[in-house]
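Read through the structure below, which is laid out as structure tokens, and then see the notes.
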Amino acid sequence: MNKMIIAIIAAMDPEGIIGKDGVLPWSIPEEMEFFTQSTMGHVLLMGRKTYQSLRIKPLPGRTSLVVSSDKSFQVADGVLLFDDLDEAEEKARELTQGNEKLLFVIGGRALFEAYLPKADLLYLTRVEASFEGDTRFPDYDPEQWSEITSQRHSSSVGIEFSTSISIRKNAGEELLAMCSRLIKSK
75 MNKMIIAIIA
85 AMDPEGIIGK
95 DGVLPWSIPE
105 EMEFFTQSTM
115 GHVLLMGRKT
125 YQSLRIKPLP
135 GRTSLVVSSD
145 KSFQVADGVL
155 LFDDLDEAEE
165 KARELTQGNE
175 KLLFVIGGRA
185 LFEAYLPKAD
195 LLYLTRVEAS
205 FEGDTRFPDY
215 DPEQWSEITS
225 QRHSSSVGIE
235 FSTSISIRKN
245 AGEELLAMCS
255 RLIKSK
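Sequential numbering from 75 applies to the sequence shown in the numbering used here.
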């Protein structure tokens, strides 16, 4: 497959809250495990604030690309920094070419907005509790997506959540086959 597969991965509460003061408003170890398992071995694209919110930099087993217009911003060794989204996307294309690696857009809101129209896959966690926050996941049309898998989870912190993976409805057969292989391998 020559096309780069773009996946968005996000966790939100029932009102679409994804952040408060630059971090997730909740801490659910089992939800983080879903994120880790889903993104392991793939390429991650994130904005500066999302990068700053990470406890471990770079995230092990993944290639991290960070986009920031702040020319003085610095990243850890092993993280690739770009001041231009097109350059970051070109590097992601190079890193995913000829293999079954996905580009996972992991935040923040501006990157989600930029990539929702061209994403192939949507990995969503829906936390079943309401939180205060200042950042929401962008509006999108759920009718453009077909759910491939969905699962409800309990957590060690007492917060229920569900995870789902959806594929854009106009995806071709080749993309469907690749997604099926990737999901079965996780």
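Built from N, CA and C at the ideal position, the CB exists for glycine as well.
query: With 16 as the cutoff for other CB atoms within 10 Å, does residue 193 come out buried or exposed?; result: buried
query: Hey, quick one: how far does the beta strand (DSSP E) through residue 200 stretch, first residue to last?; result: 195–201
query: Based on DSSP bridge pairs, tell me the residues matched to residue 223.; result: 239
query: Please determine, among 96, 93, 129 and 85, the residue with the shortest C-alpha to C-alpha distance to residue 109.; result: 85
query: To the nearest angstrom, how far is the alpha carbon of residue 253 from that of residue 149?; result: 31 Å
query: To which residues of the same chain is residue 235 closer than 7 Å at the C-beta, ignoring the five residues directly before and after it?; result: 102, 105, 199, 200, 201, 202, 227 and 229
query: Just tell me which of 240, 138 and 89 has its CA closest to the CA of residue 175.; result: 138
query: Go through the region 119–196 residue by residue and report every complete run of the beta strand (DSSP E) that reaches 3 residues or more, in order.; result: 137–141, 153–156 and 177–181
query: Tell me the residue span of the alpha helix (DSSP H) that contains residue 106.; result: 103–113
query: Assess contact between the region 124–141 and the region 154–161, defined as three or more Cβ pairs (one per stretch) separated by less than 8 Å. Is contact present?; result: yes
query: If you draw a straight line from the alpha carbon of residue 124 to that of residue 207, how long is it in whole angstroms?; result: 15 Å
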